[in-house]
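Following the UniProt record's numbering, the numbering of the sequence shown begins with 1 at its first residue and continues without gaps.
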Amino acid sequence: MLEAMISKDYKQRPTVKQLLESETMQLVGMIEKSKQEKGSEQENEQMNKKMNELEMKVRSLEVEKEKEKQEKIKAIFEIDKLKQKVNLTEQEKQKALSERDQEKRRADTEHAENDKLKQEKQKELQEKQKAQSEVTRLTTENQQLKSEISKLRPQITSAKEQSKPEPQTQQIQQTVPSSLRTITYYSIIPDPDHVKQQVNKIIKTNKGDQSTVAFNPVISSGIVRFGGFFKDHPNSFSISI
(Lines of atoms letter the chains of each structure in order from A and count residues from 1; the text may use other names and numbers.)
(Lines give C-alpha, C1' and ligand atoms only; values in the text may rest on other atoms or scores of the structure.)
Protein backbone atom coordinates (compact mmCIF):
# COMPACT_ATOMS: atom_id res chain seq x y z
CA MET A 1 0.00 0.00 0.00
CA LEU A 2 2.84 2.28 0.76
CA GLU A 3 4.63 1.47 -2.49
CA ALA A 4 1.44 2.11 -4.44
CA MET A 5 1.05 5.38 -2.70
CA ILE A 6 4.46 6.60 -3.77
CA SER A 7 4.22 5.21 -7.36
CA LYS A 8 4.95 7.63 -10.14
CA ASP A 9 2.02 6.40 -12.09
CA TYR A 10 -0.93 8.09 -10.49
CA LYS A 11 -3.20 5.49 -11.86
CA GLN A 12 -1.54 2.92 -9.70
CA ARG A 13 -1.98 5.03 -6.66
CA PRO A 14 -4.81 4.00 -4.30
CA THR A 15 -7.93 6.12 -4.12
CA VAL A 16 -9.01 8.01 -1.07
CA LYS A 17 -11.56 5.38 -0.31
CA GLN A 18 -8.92 2.71 -0.52
CA LEU A 19 -6.67 4.70 1.72
CA LEU A 20 -9.39 5.16 4.30
CA GLU A 21 -10.25 1.53 4.16
CA SER A 22 -6.67 0.37 4.50
CA GLU A 23 -5.53 -0.84 7.92
CA THR A 24 -2.55 1.47 7.92
CA MET A 25 -4.69 4.53 7.66
CA GLN A 26 -7.02 3.18 10.22
CA LEU A 27 -4.09 2.64 12.52
CA VAL A 28 -2.81 6.17 11.81
CA GLY A 29 -6.29 7.49 12.49
CA MET A 30 -6.49 5.54 15.69
CA ILE A 31 -3.13 6.91 16.74
CA GLU A 32 -4.20 10.49 15.94
CA LYS A 33 -7.45 9.97 17.71
CA SER A 34 -5.61 8.58 20.70
CA LYS A 35 -3.36 11.60 20.70
CA GLN A 36 -6.32 13.90 20.49
CA GLU A 37 -8.07 12.04 23.28
CA LYS A 38 -4.91 12.12 25.36
CA GLY A 39 -4.58 15.84 24.75
CA SER A 40 -8.18 16.30 25.68
CA GLU A 41 -7.66 14.34 28.89
CA GLN A 42 -4.69 16.52 29.80
CA GLU A 43 -6.72 19.63 29.06
CA ASN A 44 -9.54 18.21 31.11
CA GLU A 45 -7.18 17.49 33.96
CA GLN A 46 -5.80 21.02 33.77
CA MET A 47 -9.30 22.40 33.58
CA ASN A 48 -10.35 20.28 36.53
CA LYS A 49 -7.27 21.35 38.41
CA LYS A 50 -7.98 24.99 37.71
CA MET A 51 -11.59 24.51 38.63
CA ASN A 52 -10.56 22.82 41.87
CA GLU A 53 -8.18 25.69 42.62
CA LEU A 54 -10.91 28.19 41.85
CA GLU A 55 -13.35 26.30 44.03
CA MET A 56 -10.81 26.24 46.86
CA LYS A 57 -10.23 29.95 46.44
CA VAL A 58 -13.97 30.56 46.43
CA ARG A 59 -14.37 28.43 49.52
CA SER A 60 -11.47 30.22 51.16
CA LEU A 61 -13.03 33.57 50.27
CA GLU A 62 -16.37 32.41 51.59
CA VAL A 63 -14.71 31.26 54.81
CA GLU A 64 -12.93 34.63 55.13
CA LYS A 65 -16.15 36.40 54.35
CA GLU A 66 -18.04 34.38 56.95
CA LYS A 67 -15.22 35.02 59.41
CA GLU A 68 -15.39 38.75 58.74
CA LYS A 69 -19.17 38.61 59.09
CA GLN A 70 -18.87 36.87 62.45
CA GLU A 71 -16.23 39.36 63.58
CA LYS A 72 -18.50 42.21 62.45
CA ILE A 73 -21.40 40.71 64.37
CA LYS A 74 -19.16 40.29 67.40
CA ALA A 75 -17.95 43.88 67.09
CA ILE A 76 -21.56 45.12 66.85
CA PHE A 77 -22.42 43.05 69.93
CA GLU A 78 -19.47 44.52 71.83
CA ILE A 79 -20.48 48.04 70.76
CA ASP A 80 -24.06 47.42 71.94
CA LYS A 81 -22.70 46.05 75.20
CA LEU A 82 -20.53 49.14 75.68
CA LYS A 83 -23.51 51.40 74.86
CA GLN A 84 -25.60 49.60 77.48
CA LYS A 85 -22.81 50.01 80.00
CA VAL A 86 -22.48 53.71 79.17
CA ASN A 87 -26.26 54.17 79.46
CA LEU A 88 -26.27 52.35 82.80
CA THR A 89 -23.41 54.52 84.03
CA GLU A 90 -25.25 57.65 82.88
CA GLN A 91 -28.43 56.51 84.62
CA GLU A 92 -26.53 55.86 87.84
CA LYS A 93 -24.90 59.27 87.50
CA GLN A 94 -28.26 60.99 86.98
CA LYS A 95 -29.70 59.06 89.93
CA ALA A 96 -26.79 60.13 92.13
CA LEU A 97 -27.23 63.76 91.03
CA SER A 98 -30.97 63.58 91.72
CA GLU A 99 -30.38 62.10 95.18
CA ARG A 100 -27.76 64.77 95.88
CA ASP A 101 -30.18 67.51 94.80
CA GLN A 102 -32.91 66.04 96.98
CA GLU A 103 -30.51 65.86 99.92
CA LYS A 104 -29.46 69.47 99.30
CA ARG A 105 -33.08 70.63 99.14
CA ARG A 106 -33.84 68.69 102.32
CA ALA A 107 -30.83 70.26 104.04
CA ASP A 108 -31.82 73.73 102.82
CA THR A 109 -35.37 73.20 104.10
CA GLU A 110 -34.09 72.03 107.49
CA HIS A 111 -31.68 74.98 107.60
CA ALA A 112 -34.50 77.41 106.76
CA GLU A 113 -36.73 75.85 109.42
CA ASN A 114 -33.91 76.04 111.96
CA ASP A 115 -33.31 79.70 111.07
CA LYS A 116 -37.04 80.37 111.41
CA LEU A 117 -37.11 78.67 114.82
CA LYS A 118 -34.05 80.65 115.89
CA GLN A 119 -35.67 83.89 114.77
CA GLU A 120 -38.89 83.01 116.59
CA LYS A 121 -36.94 82.12 119.73
CA GLN A 122 -34.91 85.32 119.41
CA LYS A 123 -38.08 87.35 118.95
CA GLU A 124 -39.70 85.61 121.92
CA LEU A 125 -36.60 86.29 124.01
CA GLN A 126 -36.61 89.95 122.96
CA GLU A 127 -40.29 90.24 123.86
CA LYS A 128 -39.62 88.63 127.22
CA GLN A 129 -36.70 90.98 127.82
CA LYS A 130 -38.84 93.92 126.74
CA ALA A 131 -41.65 92.83 129.07
CA GLN A 132 -39.16 92.31 131.89
CA SER A 133 -37.69 95.73 131.20
CA GLU A 134 -41.17 97.26 131.27
CA VAL A 135 -41.93 95.48 134.54
CA THR A 136 -38.65 96.75 135.99
CA ARG A 137 -39.37 100.29 134.80
CA LEU A 138 -42.87 100.25 136.23
CA THR A 139 -41.57 98.83 139.49
CA THR A 140 -38.96 101.60 139.64
CA GLU A 141 -41.57 104.26 138.88
CA ASN A 142 -43.83 102.83 141.56
CA GLN A 143 -41.01 102.89 144.09
CA GLN A 144 -40.18 106.44 143.09
CA LEU A 145 -43.82 107.47 143.53
CA LYS A 146 -43.95 105.82 146.93
CA SER A 147 -40.75 107.58 147.88
CA GLU A 148 -42.15 110.93 146.75
CA ILE A 149 -45.35 110.29 148.67
CA SER A 150 -43.37 109.41 151.79
CA LYS A 151 -41.37 112.61 151.43
CA LEU A 152 -44.48 114.78 150.93
CA ARG A 153 -46.50 113.23 153.76
CA PRO A 154 -45.00 115.40 156.58
CA GLN A 155 -45.37 118.53 154.45
CA ILE A 156 -49.01 117.77 153.79
CA THR A 157 -49.69 117.16 157.47
CA SER A 158 -47.90 120.38 158.50
CA ALA A 159 -49.68 122.48 155.88
CA LYS A 160 -53.02 121.10 156.97
CA GLU A 161 -52.38 121.91 160.63
CA GLN A 162 -51.29 125.45 159.80
CA SER A 163 -54.36 126.09 157.67
CA LYS A 164 -56.79 125.11 160.45
CA PRO A 165 -58.76 128.15 161.79
CA GLU A 166 -59.06 128.65 165.49
CA PRO A 167 -62.63 127.74 166.35
CA GLN A 168 -64.29 130.19 168.67
CA THR A 169 -66.80 127.91 170.23
CA GLN A 170 -66.07 124.40 169.05
CA GLN A 171 -63.02 122.99 167.34
CA ILE A 172 -63.80 120.72 164.44
CA GLN A 173 -61.74 117.62 164.73
CA GLN A 174 -60.42 116.20 161.44
CA THR A 175 -58.22 113.24 161.06
CA VAL A 176 -55.51 112.72 158.45
CA PRO A 177 -55.01 109.20 157.22
CA SER A 178 -51.84 107.62 158.55
CA SER A 179 -50.72 106.60 155.05
CA LEU A 180 -51.32 107.69 151.48
CA ARG A 181 -52.45 105.34 148.74
CA THR A 182 -52.73 105.38 144.97
CA ILE A 183 -56.22 106.07 143.76
CA THR A 184 -57.83 105.11 140.47
CA TYR A 185 -57.96 107.81 137.85
CA TYR A 186 -59.65 108.16 134.48
CA SER A 187 -57.89 109.82 131.59
CA ILE A 188 -59.87 112.12 129.34
CA ILE A 189 -58.48 112.20 125.77
CA PRO A 190 -60.35 114.65 123.52
CA ASP A 191 -58.76 113.43 120.28
CA PRO A 192 -57.60 109.79 120.12
CA ASP A 193 -55.76 110.56 116.87
CA HIS A 194 -53.36 112.81 118.80
CA VAL A 195 -52.88 110.78 121.97
CA LYS A 196 -53.34 107.19 123.01
CA GLN A 197 -53.04 105.44 126.37
CA GLN A 198 -51.28 102.16 127.11
CA VAL A 199 -51.82 101.09 130.74
CA ASN A 200 -50.29 104.03 132.64
CA LYS A 201 -48.43 105.49 129.67
CA ILE A 202 -49.72 108.42 127.59
CA ILE A 203 -48.22 108.32 124.08
CA LYS A 204 -48.34 111.23 121.68
CA THR A 205 -49.14 110.08 118.15
CA ASN A 206 -49.34 113.34 116.18
CA LYS A 207 -46.31 115.12 114.79
CA GLY A 208 -45.83 118.72 115.88
CA ASP A 209 -49.44 119.44 116.89
CA GLN A 210 -50.45 120.15 120.45
CA SER A 211 -52.06 117.46 122.52
CA THR A 212 -54.25 117.74 125.61
CA VAL A 213 -54.96 115.06 128.20
CA ALA A 214 -57.06 115.53 131.34
CA PHE A 215 -57.23 113.26 134.38
CA ASN A 216 -60.24 112.85 136.62
CA PRO A 217 -59.27 111.27 139.94
CA VAL A 218 -62.24 109.87 141.88
CA ILE A 219 -62.09 111.62 145.27
CA SER A 220 -64.67 113.21 147.59
CA SER A 221 -62.32 114.85 150.08
CA GLY A 222 -58.69 115.08 150.99
CA ILE A 223 -55.51 116.05 149.22
CA VAL A 224 -54.45 114.66 145.85
CA ARG A 225 -50.95 114.72 144.51
CA PHE A 226 -50.58 114.47 140.76
CA GLY A 227 -47.27 113.44 139.24
CA GLY A 228 -45.95 112.29 135.91
CA PHE A 229 -42.73 111.63 133.99
CA PHE A 230 -42.03 113.05 130.55
CA LYS A 231 -39.78 110.99 128.31
CA ASP A 232 -38.21 111.93 124.95
CA HIS A 233 -40.27 115.11 124.63
CA PRO A 234 -38.46 117.66 122.37
CA ASN A 235 -40.94 120.55 122.83
CA SER A 236 -42.22 122.48 125.82
CA PHE A 237 -45.02 121.09 127.93
CA SER A 238 -47.12 122.18 130.87
CA ILE A 239 -49.20 120.64 133.65
CA SER A 240 -52.20 122.34 135.20
CA ILE A 241 -54.35 121.28 138.13
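All residues carry an ideal CB built from backbone N, CA and C; glycine is no exception.
Model, not experiment: these values are computed from the prediction.
For Lys93 and Glu127, the gap between their C-alpha atoms comes out near 50 Å. Your pair Gln197 and Ser211 does not check out as a contact, with CB atoms roughly 12 Å apart and the cut at 8 Å. DSSP places Lys207 outside both helix and strand once states are collapsed to three, so it counts as coil. A direct Cα-to-Cα measurement between Leu152 and Asn142 gives close to 15 Å. Separation of the CB atoms of Val224 and Val213 is rounded to 17 Å, and the pair is thereby denied contact status at 8 Å. At least 8 Å separates the beta-carbon of Gly228 from that of Leu145. Rounded to the nearest whole angstrom, the CA to CA distance from Arg59 to Asn87 is 41 Å. Counting along the chain, the unbroken beta strand (DSSP E) around Val195 starts and ends at 195 to 198.
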